[in-house]
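Visitor:
Protein chains: 2
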Amino acid sequence: MKDRFLRACRREAVDRTPVWFMRQAGRYLPEYRALRREHTLLTLCRTPDLAVEATLQPVRRLGVDAAILFSDLLLPLEPMGIPFEFQAGEGPVILKPVRTAADIDALRRFEPREDLAPVLQAIRLLRRELEGGVPLIGFAGAPFTLASYAIEGGHSTAFALTKALMYGDPAAWHRLAGLLAAIVGDYLRAQVEAGAQALQLFDSWVGALDEADYREFVLPHVRAIFAAVRGSGVPVIHFGTGTGHLLAAQREAGGDVIGLDWRLPLDEGWRRLGDAVAVQGNLDPTLLLGPRPRLIERVDDVLRRAGGRPGHVFNLGHGVLPATPVENVLAVVERVHDQSARG
Amino acid sequence: MKDRFLRACRREAVDRTPVWFMRQAGRYLPEYRALRREHTLLTLCRTPDLAVEATLQPVRRLGVDAAILFSDLLLPLEPMGIPFEFQAGEGPVILKPVRTAADIDALRRFEPREDLAPVLQAIRLLRRELEGGVPLIGFAGAPFTLASYAIEGGHSTAFALTKALMYGDPAAWHRLAGLLAAIVGDYLRAQVEAGAQALQLFDSWVGALDEADYREFVLPHVRAIFAAVRGSGVPVIHFGTGTGHLLAAQREAGGDVIGLDWRLPLDEGWRRLGDAVAVQGNLDPTLLLGPRPRLIERVDDVLRRAGGRPGHVFNLGHGVLPATPVENVLAVVERVHDQSARG
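Chains Z and D supply the protein sequences, listed in that same order.
Anchor point for the first sequence: position 38 equals 38 in the numbering used here, and the numbering is continuous, going up by one each time.
Just so we're on the same page, the numbering used here is the position in the second sequence counted from 1, plus 1000.
1. Which whole-angstrom value is the C-beta distance of F1239/D and L1201/D, which I expect to be below 8 Å?
2. For chain Z, check one thing: does any of its Cβ atoms lie closer than 9 Å to the Cβ of A1160/D?
3. Can you tell me whether L1074/D is buried or exposed? The criterion is at least 16 other CB atoms within 10 Å of its CB, across all chains shown.
4. If you count every other CB in all the chains shown that lies within 10 Å of the CB of K2/Z, and 16 or more means buried, which is it?
5. Listing by chain order, which chain D residues have their CB less than 8 Å from the CB of P291/Z?
6. Tell me, please, which residues DSSP counts as bridged to V279/Z.
7. Under 9 Å, Cβ to Cβ, is there at least one residue of chain Z near L1180/D?
8. Can you tell me the Cα-Cα spacing of D1210/D and A1177/D, whole angstroms?
9. Using a cut-off of 8 Å between C-beta atoms, extract the partners of G350/Z located in chain D.
10. So, is the C-beta of P1097/D closer than 9 Å to a C-beta in chain Z?
11. Starting from the beta carbon of A1164/D, find every residue of chain Z whose beta carbon is closer than 7 Å, and list them in chain order.
12. Any chance the stretch 1318–1333 of chain D sits against the stretch 1269–1288 of chain D, with 3 or more Cβ pairs inside 8 Å?
13. Below 7 Å between beta carbons is the criterion; list the residues of the stretch 1318–1332 of chain D that meet it against any residue of chain Z, in chain order.
14. Taking the C-alpha atoms as reference points, what is the distance between F1086/D and P1097/D?
15. I'd like the list of long-range same chain contacts for R1007/D, defined as Cβ closer than 6 Å, with 5 residues on each side in sequence excluded.
16. Assuming F1159/D and A1066/D make a contact with CB atoms under 8 Å, what is their CB distance in whole Å?
17. Taking Cβ positions only, does H312/Z come closer than 9 Å to chain D?
18. Answer yes if the stretch 40–60 of chain Z comes into contact with the stretch 112–128 of chain Z, meaning at least three C-beta pairs across the two stretches below 8 Å, and no otherwise.
19. At a CB-CB cut-off below 7 Å, which residues of chain Z make contact with R1007/D?
20. Where does E1085/D sit, in a helix, a strand or coil, going by DSSP?
21. Quick one: residues in its chain with C-beta nearer than 8 Å to the C-beta of R1036/D, no 5 flanking neighbours on either side, listed in chain order?
22. Can the beta-carbon of L1188/D be found closer than 9 Å to that of A1224/D?
23. Could you pull out every residue in the same chain whose Cβ sits closer than 7 Å to the Cβ of Q339/Z, ignoring the five residues on either side in sequence?
24. Contact check, L180/Z vs A147/Z under 8 Å by CB: the rounded distance?
25. Alpha carbon to alpha carbon, what distance is there between G1259/D and R23/Z?
26. Taking Cβ-Cβ distances shorter than 7 Å, what residues in chain A pair up with W262/Z?
27. For the structure I just gave you, are there three or more beta carbon pairs, one from the stretch 253–273 of chain Z and one from the stretch 325–334 of chain Z, closer than 8 Å?
28. Starting from the C-beta of L266/Z, find all residues in its chain whose C-beta is less than 7 Å away, skip the five residues before and the five after it, and write them out in chain order.
29. Please confirm if R223/Z has its CB atom under 9 Å from at least one CB of chain D.
30. Mind listing the chain D neighbours of R294/Z? Cutoff is C-beta to C-beta under 7 Å, in chain order.
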């Protein structure tokens, strides 16, 4: 049943619970490591044939119910005027972090059909390759998460500079977040136009905010993105980590499916969101590093908590970790499909 | 009123809400930076006169209601057989991370009166210096947080190796956590014997676990620490970050005061804990980087949510950030004292 992922996003009945994995194309796969021995991460993202190959690797090997475009959250930063690179073992490094109102006012909205053309071309090629197969998910980062990289200069734990800008110059923050929302809206619409059949908005780090700050500094911009893609007709997944305290506000901001990390049991998270929305999640990715019996027991626990209700997409609470044995990822796919098989 | 901190820990009436800050001795203070130009962090920790000076600096300058021993969470690792160092800009680096059951079985319980004698000597000197002044808080790291440094080799975000050890060899994990609990119990008792008048147990990173894992892998060991210090007669604060989903379980593990970070509003966190325990918190430390009006408004919001009930110790949700202007820290102390003044 090739449409079980899209049906679950719409809370329709499915034959089995669909499953895919954030970062299902990644270092845990030997064929991905082989690609990366030849090419940098950014070369893969910017070369349509290579992005297609990286996207398809896990689809071929795992039997997942969706493909997700191989790309990187940060790609929109460069054409808006924030160049970056990936340094070995360091993650992303923003060459000139955004720190002041003047830095923000120098940024520009761009045309993704021109400046991110290789990504859109990869989507078109993928739709051809996936003909008759699983649906393709496009994605982008949300304003808080993208802004945090732009402002901090890379990964962060306290988000001190990001919050200092928010608190210290709210008008400048809102210009930055508003520009990011406009760009992300354009980019996601262009992805759908190119063939993406679902979208995921990654607000991976927004759990560092309390609800009052989320509502003041983030929610209006995330809502603008959902408004921009509403007409596109594809389901949108709204994802964050550590957001147990923000779920009601994230739900208000938008999304057909809300992504849950592992910190809250799935039934508790779904209860906070209400029945009128689908959920995605929520196995702790570190369980895939460990022994099989505990892994399977926790897969079953997630399914039990979902209770066979329509509107559950099985996923991890965050991305597949590089040290994950491939056979454990396969075992999760098989177990989800077997345990959730309906009549 | 010099005992308002201890009275609040015991949920007794106070004239004003007591306030102190995690990492109140730190890089945001010019006099601390001057000390650090002369000495490394570990030299400060291991030289009683210098630890005394670093402890007293914020007490002199800020008018806080408690002193907290200047020390580092990792000190007990070295005498148990896990040497480490601090590398500039890198944080702690464990020289030979603990990865296997054999690594764990090579570790040893030690006598803090011998192997951590300079810390205990600093406490004795501090009690003399603080005579007639504010009470002195001792502290230690909790087993999960200490183990995560020992296993990962330093700071972590996903705690992948730590969880992989938990899941993959639960017996070895429980030996490690049990040994850490025994050592921390010994160490905290020795701190009280030397003169500490309250204790804080830092389980800073435990919010990365879900409640089931917390109950299986952490709670019994934390409970053992509380049992070990119960007879000492001093109040104990139990602190973590990102633990909104764990509060009920942390409460069961123990503590006279539960530390709350900023992610949940203080009244909501206190509601989850119940009335029979005091709370500490919970201003977002990044607010101290920003403009004064928002800072003061959020200080008032924390006090309003505490509602003047007995048993609130004002603090941040985590440590003071290095970039914090000293005058903002002072403004918080003054505002807490002014706004909470009772008849």
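Even for Gly, the Cβ is constructed at its ideal location relative to N, Cα and C.
Guide: Considering the structure as presented:
1. 7 Å
2. yes
3. buried
4. exposed
5. Y1167 and G1168
6. I258/Z and H312/Z
7. no
8. 17 Å
9. Nothing about residue 350/Z can be reported from this structure: the residues present for chain Z run from 1 to 343 only.
10. no
11. T286, L289 and G290
12. yes
13. L1321 and A1323
14. 14 Å
15. V1014
16. Not really, about 30 Å apart at Cβ, beyond 8 Å.
17. no
18. yes
19. By Cβ distance, chain Z contributes nothing, its closest Cβ being about 28 Å from R1007/D, past 7 Å.
20. strand
21. R1027 and L1044
22. no
23. D300 and L303
24. 6 Å
25. 35 Å
26. Given the protein chain composition of this structure (Z and D), no chain A is represented.
27. no
28. L260, V279, G281, N282, V302, R305 and A306
29. no
30. Y1167
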